[in-house]
Amino acid sequence: MSTTIGASASLLLNYTRSGQAVLDAQPSLAQLLSEDATTGSQLPASATVALSDEAKAYLARTSAAAATDSGTSLATRAANARQWFDQQYQALGISSALIDGKVAVDLTGQSRATLSAVAANAQGLFSKDESAAAATALQSRFDAALTPYAVVARHTGNYVGLYDAALSYVNAAGPDEQATKAWQDQKQALVDGAAVARANPGKAPVTKNAADPVQALLGKASAGGTGTPQTSIAAVAANARALLDAQADSAKDKGTKLVFDDSDKTGQQVDFSAFDNRSLAAIALNQGSAFSAGEIRTAMTELDQRNRASVLDTLKATSGGSDGASASLALVNRYAAMSTEEKAALGVSDRFTSQLVQTYQSIQATQGRLGGNASQGLVGYL
Numbered sequence: 000m001s002t003t004i005g006a007s008a009s010l011l012l013n014y015t016r017s018g019q020a021v022l023d024a025q026p027s028l029a030q031l032l033s034e035d036a037t038t039g040s041q042l043p044a045s046a047t048v049a050l051s052d053e054a055k056a057y058l059a060r061t062s063a064a065a066a067t068d069s070g071t072s073l074a075t076r077a078a079n080a081r082q083w084f085d086q087q088y089q090a091l092g093i094s095s096a097l098i099d100g101k102v103a104v105d106l107t108g109q110s111r112a113t114l115s116a117v118a119a120n121a122q123g124l125f126s127k128d129e130s131a132a133a134a135t136a137l138q139s140r141f142d143a144a145l146t147p148y149a150v151v152a153r154h155t156g157n158y159v160g161l162y163d164a165a166l167s168y169v170n171a172a173g174p175d176e177q178a179t180k181a182w183q184d185q186k187q188a189l190v191d192g193a194a195v196a197r198a199n200p201g202k203a204p205v206t207k208n209a210a211d212p213v214q215a216l217l218g219k220a221s222a223g224g225t226g227t228p229q230t231s232i233a234a235v236a237a238n239a240r241a242l243l244d245a246q247a248d249s250a251k252d253k254g255t256k257l258v259f260d261d262s263d264k265t266g267q268q269v270d271f272s273a274f275d276n277r278s279l280a281a282i283a284l285n286q287g288s289a290f291s292a293g294e295i296r297t298a299m300t301e302l303d304q305r306n307r308a309s310v311l312d313t314l315k316a317t318s319g320g321s322d323g324a325s326a327s328l329a330l331v332n333r334y335a336a337m338s339t340e341e342k343a344a345l346g347v348s349d350r351f352t353s354q355l356v357q358t359y360q361s362i363q364a365t366q367g368r369l370g371g372n373a374s375q376g377l378v379g380y381l
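With numbering that gives the first Met the number 0 applied, the sequence shown covers 0 to 381.
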């Protein structure tokens with residue numbers, strides 16, 4: 000059965016592997032995204048923005064960490080966290096989780112449920128500094144997942160989509176976190192913020208609500224403080240090399256070899272299920288000249304297949320691609336969240352992503368005119 004996914008699908012599938020068909024003289028995406036929203040087309044969008052693959056992967060990792068807490072009571076998590084803090088203080092020779100207002104302990108290994116318990120001072124076991132440090136870590140994780148959507152919202156004016164993505168993230172919290180006043184205030188702030196965004200399309204809602212994590216994120220972005228640390232590509236390549244070597248060793252243990260061609264039945268077929276897209280891109284780009292021709296070819300094939308499948312899923316999620324504005328915006332979000340290495344491996348240029356942004360703006364402008372009020376855009380159209 001064939002599926003019609005609209006004009007946006009053909010646009011994307013023609014461009015995915017290279018920027019060959021992109022129109023000439025397009026500004027770079029960096030230029031577009033750095034424009035002041037008040038100087039460009041403030042054309043609102045009502046399309047819902049789903050979390051990107053990267054954000055979903057982040058949620059999956061935090062969900063996996065939370066799984067270790069799934070059979071643990073809140074009291075036990077709090078007691079374990081109390082013990083962990085005490086051990087950290089002894090090992091580091093400090094007496095507080097904050098030093099000069101900055102977090103002085105490494106909370107990256109703590110689950111979201113544990114951080115929530117500390118932030119809420121569960122069982123009364125934690126100091127103000129410890130609760131503040133945990134709250135800071137929770138906001139940092141939120142920022143890391145939502146920053147790509149803030150970038151896109153600032154250019155497209157689709158702040159409703161940003162708030163929808165934030166609500167998806169917040170709703171992924173466990174029952175103990177959802178029972179806290181902080182979570183309930185945050186959820187209500189996001190619902191209220193989304194309502195303001197819908198009523199005032201094309202610009203960021205001004206809620207002045209301290210519980211609104213989107214407002215906190217946008218405030219940091221305005222001050223230039225939203226750089227999210229990322230593992231170096233050299234480290235990603237080294238990890239990919241180690242994973243491939245482990246599979247090769249496993250094949251040897253079974254008296255066979257690791258093979259990279261589906262038609263080769265003489266050995267153990269390589270398995271990329273444990274590799275994220277950035278790792279595949281590192282192999283395809285042969286970072287550090289650490290990979291063989293077979294590894295490069297197979298990783299590129301896997302990355303390309305994943306990209307095409309994700310594109311089709313994105314378009315199907317936007318009414319099968321029939322709503323051009325929704326489809327274009329979903330693709331803008333997808334490529335904004337893609338790593339630099341993925342873009343390089345797939346041939347996705349700034350010119351290509353700029354064209355997606357312009358396609359979205361053009362459709363929005365047309366729909367606004369048809370609706371009789373360009374300032375209302377898709378809100379009036381839908």
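Where a beta carbon is used, it is the ideal one built from N, C-alpha and C, also for glycine.
The structure displayed is predicted, hence computed values, not measured ones.
Residue i - partner residues in DSSP beta bridges
i    : result
V258 : Q268
I98  : K101
Nonlocal neighbours in the same chain, by C-beta distance under 6 Å from residue i, ignoring five residues either side
i    : result
Q286 : I232, A236
F141 : P212
A77  : A116, A121, Q122, L124
S95  : D128
A196 : Y158, V159, Y162, P204
D184 : A210
T358 : S327
Q89  : none
K382 : Outside the shown range of the chain, which is 0 to 381, sits residue 382, and nothing can be said about it.
Burial state of residue i (16 or more Cβ within 10 Å)
i    : result
A133 : buried
S115 : buried
G192 : buried
P174 : exposed
L91  : exposed
D211 : buried
T255 : exposed
S348 : buried
A163 : Reading the sequence as shown, one finds Asp at residue 163 and not Ala. Label assigned to D163: buried.
V385 : Since the first residue shown for the chain is 0 and the last is 381, residue 385 is missing from the structure and cannot be characterised.
A80  : buried
A136 : buried
A149 : buried
A198 : exposed
T230 : exposed
T113 : buried
T313 : buried
T107 : exposed
A234 : exposed
Q109 : buried
A74  : exposed
Q82  : exposed
Q360 : buried
G100 : exposed
A66  : Summary for A66: the model assigns pLDDT 47, below 50, so the residue's position carries little reliability, and this model does not support an answer.
Supposed contact pair residue j and residue i - C-beta distance, whole angstroms, cut 8 Å
i    : j    : result
G156 : P204 : That pair is no contact at about 12 Å.
L302 : A283 : 6 Å
R111 : E176 : 7 Å
R240 : A289 : 5 Å
N208 : A188 : 4 Å
A250 : E340 : A250 to E340, Cβ: 27 Å. No contact.
L216 : L311 : Not quite, the Cβ-Cβ distance comes to about 30 Å (not below 8 Å), so this is no contact.
7 Å Cβ shell around residue i - same chain, five flanking residues per side excluded
i    : result
L97  : A103, D128, A131, A132
A308 : none
A273 : L242
T365 : none
L279 : F271, A298, E301, L302
A119 : T179, A181
Q382 : Here the chain comprises residues numbered 0 to 381, so residue 382 is not present and cannot be evaluated.
I93  : A103
T206 : A188, D191, G192, V195, Q214
Beta-carbon proximity list for residue i, same chain, < 8 Å, skipping 5 on both sides
i    : result
Q246 : L257, Q267, V269, D270
E294 : L243, F259, V269, I282
D383 : This structure leaves residue 383 out entirely; the chain is present only between 0 and 381.
V190 : L166
The ligand SAH heavy atom lying under 6 Å from the CB of residue i
i    : result
T255 : With respect to the ligand SAH, the structure offers nothing, as it holds no ligand at all.
Neighbour flag for residue i against chain D, beta carbons, 7 Å
i    : result
K202 : Of the protein chains in this structure there is only one, and it is not chain D.
Inter-stretch contact at 8 Å, needing at least 3 Cβ pairs: the stretch 163–170 / the stretch 119–128:
No contact exists between the stretch 163–170 and the stretch 119–128.
With three or more C-beta pairs closer than 8 Å as the rule, is the stretch 343–354 touching the stretch 290–308?
When C-beta atoms of the stretch 290–308 are compared with those of the stretch 343–354, three or more pairs fall below 8 Å, so the two segments count as touching.
Is the stretch 246–265 touching the stretch 321–338, taking contact as three or more C-beta pairs under 8 Å?
Using a C-beta cut-off of 8 Å, the stretch 246–265 makes no contact with the stretch 321–338, since fewer than three inter-stretch Cβ pairs fall below that distance.
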